[in-house]
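Asks: Going by the numbering used here, the first residue of the sequence shown is number 259, and it counts up by one from there.
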Amino acid sequence: MGTPKRVQASLSSFFKPKAIKVSPQEARDEHAKSTDSQDTRGSKIVSVDTRKRRRTANDNDKDEGEDGTAPKVQKGTNGQEQIQVESVSDTTDLMQRLRMRAQETGPVVPNLQVTSVLATPGSLEGTSLQLVERMPGVKYTPLETQVLDAKKSHPDTLLAVEVGYKFRFFGEDARIASRVLGIMCTTATNFYNASVPTPRLHIHVRRLVHAGYKVGVLRQIETAALKAISDNKSAPFTRQLSEVYTVGTMVEDIGADANDRYLMCIFETTSADRVQLAVVAVQVATGRVVYDEFEDGILRSELDTRLAHLQPKEILAPRGLSTETLRALSAYVGYTIDYTQRPEPLLEHANRTGVRVAFANTKLMDAEAARSFSTEFYADNDAQAHLPYVLGLSEPVLVAQALLIDYLKPFNLDRALLAVHPFTPFHTQLHMLLSATTLQTLNVFADHSGDSSDAQLKDLLMPSRSGGNSIRCGSGSLFGVMDCTRSLFGRRLLRRWVAQPLVALDKLQDRVEAVEYLKTVLDAEPDEDYTRCAIRNVYEKLGQLVDLERGLSRIHYGRATPQELVRVLRSLETAMTLVPPDLDICEPRILAHALSPETWTSDLRTTITSWLHQINVSSAKRGDKESLFTRGPLFDTMQTHHKCVAAVEQQLEEHVFEVRQLLNDTEFAFKSISGTDYLIDVKNAKAKTVPTSWIRVSSTKTNVRFHTPFIVEHLAERERCRESLQQAARSSYSQFLRTISSEYTRVRRVISALATLDALFSLAVLASRPEYCRPEFVDGEPCVDVEDAVNPVLDCAGFVANTVHLGSDARAMVLTGPNAGGKSTLIRTIALITVMAQCGSRVPARRARLGVVDAIFTRMGARDNMLAGQSTFMVEMRETADILHNATPRSLVVLDELGRGTSTHDGAAIAFAVLEFLVQRRALTLFVTHYGHLVDAFAGNTRVRSCHMSYLEAETREAGANITFLYKLADGASGDSFGLNVARLAGLPASLLKCAKERAHSMRVDVDSKWAARCARRLQHTVQAHK
């Protein structure tokens, strides 16, 4: 007999208990009691971790076993002590004794852990969800054997196993489910166990998925009835993996919110000092595919911008990404990405950001392999028409989309990349690209997790008469203010408009005209004008439509339930009646295109109606696919199977006459008890007289129940017919979904038109607010000329309005003033008004005359980036460098207290140099500073305007002045920042403030003298140079 394989019985995460804590001496003592053999040939190894060891009174450094009966101890390659035992039975007995000892004396470090994975020492690192082999000597139930096999095939997947009327989790999966879902975890069998009821499965799966886990559903594919009459009725139910979900691939039902998630694939190539990145992102819920290719710097600010806009919830990361790219991704997901670990988040990461990182198939990272794979994929799906476009993409983008298709195949979602062609480029020359920093500092959207906070806030706010939010004060983000949409698909489109404002003046003017026209329609009293009545009807009915965009995608993927199908088709039928075919609108162009008769065709309306007429609505509401169709070829197919079942049941019903004769009972009738049909129920006394061929099924104290051979045979036949019926129902339903999906392009065009109308209506509702004005756009050099502007996000009663002028003469404004005086709020107001205006919206001001800017750059606040290894000042300087590299004369630059992250002199010098650069570049610049000498340095420059936030000052006996903030912009520089006033308002002790006042005075005198000396030297050098 050969020597058994050495095993590390660190019996870890899957086999219970999770951790058995004993000392090495206790392990040897317990083993000495369990075995008398001293022969270590063919022995197993139990590992005891002694690296973190709490000594006890009984532990006297006897690590080399003096007792001849004790097991041998040796150091393993992983730093653990390995204790040799004789056999698996010895190991099992040792484990049992150690568990008993741990219960009696409590845990003692080091840990002795037991795992059901047999492997060499050290091979279990980072694979706590993995189950590779069975533990010898352990008796597993048939169900546990199935689970072991499933875990071996899907080691990175958290499995929910269907068992009767529950779904159960086993081992480490159960521990994770218990922690994330808050359910009980038991240890009654070989594995940890946790369970959830079948009707609640989708809820619990969604929670696990949103925590960042990959979840698989292992379903029973046999019915209990078929099992009972089969030849292997004693074997376990056959189960197979029917569904797999991750946060980026879970297609929510049509009732979910609009916070749809992107799955993004990133591919990186490097050459010399250049880093080229390609991204392809798919929104599986809607079928939208976005791609981009760009060159990035060491800060990966361009990648940050794509992440901020698309906000992917799952990132497909090929191995080999650079350290800088991994740092940027780690900063986004909230934890360090490590290729050596499994992709699932650790428990401490779960629910932190909900962003999952998956690793891509390395075989497709070659351009030729990706080209071949894409060619085969489009050919197999009868989509050769799209192939020339796909193969025309750049090689990095082609590789990224191939990796994405390959990843989506196990989820049956690879058709997502077939839905819409051509793909949508992330950025075009028609739109402004707001950087990640700008989106964050201006609060364009609520937070990192997307617009979910806005959605929650919107639910809390009182709905207005127009369907939007009646209260905007404190909504938290610009999008929260502008969102008055009535549909989820309209909300998605509006979000894209806000994220990418227009820079093409003709398209911007056209959108503004459409908003103004719809405003007049909504504001006007109902009349008999045909066009206005039709448009108003569209607005009123939009809120009654389900999420058609998501519903169409679920139909396209074959995942729509009958209930969802009926809701989508009814909404589509309603939508097709909203726009009359004879509606004639030529201008504005965006409105005319949305209402075009080419979109709202009568034949599509007829097709949708015919789909609905084929469906039995009541059966659809019950989810009954077997009786779903009422007409057409699918109905005929189903009728054939229904007749088969009916014929068998008819024969069974007729069999009752033969049974009556045998029992000599003319009143006899079959019974159905506990799900078993056609039972012959007779009294005990009469049971002895029945034919011996009858099969006894069950009995009670008084009765015995039988089946005749005829009944057994025909019940089996009925179950086969029912199985065929169910299979035909599933097949017919899938075929019906494919029929609807064949009209995907035309239906999607209708949904796109509805989304455009909803987004325009939202801006029209916002435009109806009395304090909003229509912006006037000027061609040529950009300018900012606004009167009585207020911040749209902080649009509350009592907010002080301000007037700002920047144009052809003064291109930059240096803004000073007291701390907390409103400087940052003012410059944010101007930036937000610019974003709103270039979205086509009215703006919160009395008058606004604006030039179209090509970008808005911001550098505000102080923060570090620990995951990217960047200090506060490094982040500040890198963001500033990006601005200086990309700003043009048509850009708006907003800088708030530049240079605050370093010493005063260095900060002032950097601020001066940056401002001078921007003035020479002629970019529109709003520059907030507390450096008074910086204002003096540009005092004679006509292109720089000096302003301050006004205040009233009253000297007090206490330290510092008593300041009243007026929050009003005024010409000229501020004499002081009045930081001591803010300190006093914050409640610092009076003695401390007095000391600070004296010190501030002496420091100011010192700085003024040095600055005067420097100016004198400068003047002297200038005079000498002119001599």
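Where a beta carbon is used, it is the ideal one built from N, C-alpha and C, also for glycine.
Being a predicted model, the structure only gives us computed values, none of them experimental.
Helix, strand or coil: how does DSSP classify residue 1118 here?
Replies: Three-state DSSP puts residue 1118 in coil, outside helix and strand.
Asks: If you run the structure through DSSP and keep just helix, strand and coil, what is residue 657?
Replies: Note: residue 657 maps to helix in three-state DSSP.
Asks: Starting from the C-beta of residue 1201, find all residues in its chain whose C-beta is less than 8 Å away, skip the five residues before and the five after it, and write them out in chain order.
Replies: So the qualifying residues of the chain are 1067, 1068, 1069, 1070, 1177 and 1180.
Asks: Could you give the uninterrupted runs of the beta strand (DSSP E) lying entirely in the region 1156-1225, keeping only those of 3 residues or more?
Replies: The region 1156-1225 contains these whole beta strand (DSSP E) runs: 1182-1186 and 1202-1213.
Asks: At what residue ranges does the region 899-946 contain a whole run of the beta strand (DSSP E), taking only runs of 3 or more?
Replies: 929-931 and 934-941, all fully within the region 899-946.
Asks: May I have a chain-ordered list of the beta strand (DSSP E) segments no shorter than 3 residues that lie completely inside the region 733-781?
Replies: Fully enclosed beta strand (DSSP E) runs of 3 or longer: not present.
Asks: State buried or exposed for residue 396, treating a residue as buried only when at least 16 other CB atoms are found within 10 Å of its CB.
Replies: Exposed is the call here.
Asks: DSSP beta-bridge partners for residue 683?
Replies: For residue 683, which the question treats as bridged, DSSP gives the partners 549.
Asks: Looking at the secondary structure, which residues open and close the alpha helix (DSSP H) in which residue 670 lies?
Replies: No alpha helix (DSSP H) contains residue 670, which DSSP labels as neither H nor E.
Asks: For residue 1119, which option in 494, 698, 442 and 649 has the closest C-alpha, if you only look at C-alpha atoms?
Replies: When only C-alpha atoms are compared, the closest one is 698.
Asks: For residue 1031, collect the residues of the same chain with a Cβ closer than 7 Å to its Cβ; drop the 5 residues on either side in sequence, then sort them by chain order.
Replies: Correct list, in chain order: 1100, 1101, 1103, 1104, 1105 and 1106.
Asks: In three-state DSSP terms, what is residue 1154?
Replies: Strand at residue 1154.
Asks: Using the three-state DSSP reduction, which class does residue 361 fall into: helix, strand or coil?
Replies: At residue 361 the pLDDT is 46, less than 50, meaning the model places this residue with poor confidence and gives no usable figure here.
Asks: Looking only at its own chain, which residues have a Cβ that is under 6 Å from the Cβ of residue 1224, when we skip the five neighbours before and after it?
Replies: Result list for residue 1224: 1208 and 1209, in chain order.
Asks: Pick from 1034, 1051, 1052 and 550: whose alpha carbon is nearest that of residue 1045?
Replies: With distances taken between Cα atoms, residue 1045 lies closest to 1034.
Asks: Please state whether the Cβ-Cβ distance between residue 700 and residue 1156 is less than 8 Å.
Replies: Cβ atoms of residue 700 and residue 1156: not closer than 8 Å.
Asks: Quick check on the burial criterion: 16 or more other C-beta atoms within 10 angstroms. Buried or exposed for residue 1027?
Replies: That one is exposed.
Asks: Specify, as a first and last residue, the run of the alpha helix (DSSP H) that residue 207 falls within.
Replies: Residue coverage of the chain in this structure runs from 259 to 1285, which leaves residue 207 outside it and unanswerable.
Asks: Bridge partners of residue 427, per DSSP?
Replies: In DSSP, residue 427 forms a bridge with 452.
Asks: Examine chain D for any beta-carbon lying closer than 8 Å to the beta-carbon of residue 1016, and answer yes or no.
Replies: Protein chains in the displayed structure number just one, and chain D is not present.
Asks: Quick one: measure Cβ to Cβ for residue 995 and residue 813, integer angstroms, because I've assumed they're closer than 8 Å.
Replies: That pair is a contact at about 5 Å.
Asks: Grab the span of the beta strand (DSSP E) containing residue 624 for me, first residue to last.
Replies: Segment: none, residue 624 is in no beta strand (DSSP E) and carries neither H nor E.
Asks: Taking only three categories from DSSP, how would you classify residue 821?
Replies: DSSP places residue 821 in helix when its eight states are reduced to three.
Asks: When the distance is taken between beta carbons, is residue 415 closer than 8 Å to residue 467?
Replies: Result no, Cβ atoms of residue 467 and residue 415 do not sit closer than 8 Å.
Asks: Is residue 618 closer than 8 Å to residue 523 when the C-beta atoms are compared?
Replies: Yes, the pair counts as a contact, with Cβ atoms nearer than the cut-off.
Asks: With a CB to CB cut of under 6 Å and the five nearest residues on each side skipped, what residues in its chain are close to residue 823?
Replies: So the list is empty, once near-sequence residues are dropped.
Asks: Exposed or buried, which one is residue 915 when buried takes at least 16 other CB atoms within 10 Å?
Replies: With fewer than 16 other Cβ atoms within 10 Å, it is exposed.
Asks: For the beta strand (DSSP E) that residue 528 lies in, which residues bound it at each end?
Replies: Its beta strand (DSSP E) spans residues 521-529.
Asks: Identify which residue in 454, 1023 and 432 has its Cα closest to the Cα of residue 424.
Replies: The shortest C-alpha separation from residue 424 is found at 454.
Asks: What is the rounded straight-line gap between the Cα of residue 1015 and the Cα of residue 672?
Replies: Cα to Cα, the separation comes out at about 30 Å.
Asks: So, helix, strand or coil for residue 445, using DSSP?
Replies: It is coil, neither helix nor strand.
Asks: For a quick check, are the C-beta atoms of residue 685 and residue 554 less than 8 Å apart?
Replies: Not closer than 8 Å, so no.
Asks: List the endpoints of the continuous alpha helix (DSSP H) containing residue 539.
Replies: Premise fails: residue 539 lies in the beta strand (DSSP E), 532-541, not in any alpha helix (DSSP H).
Asks: When you compare each of 429, 1047, 1204 and 1063 to residue 1056 by their alpha carbons, which one comes out closest?
Replies: It is 1047 whose Cα lies nearest to the Cα of residue 1056.
Asks: Compute the Euclidean distance between the alpha carbons of residue 743 and residue 756, then round it to the nearest angstrom.
Replies: Their backbone Cα atoms lie some 13 Å apart in a straight line.
Asks: Residue 569: buried (16+ other C-beta within 10 angstroms of its C-beta) or exposed?
Replies: It counts as buried.
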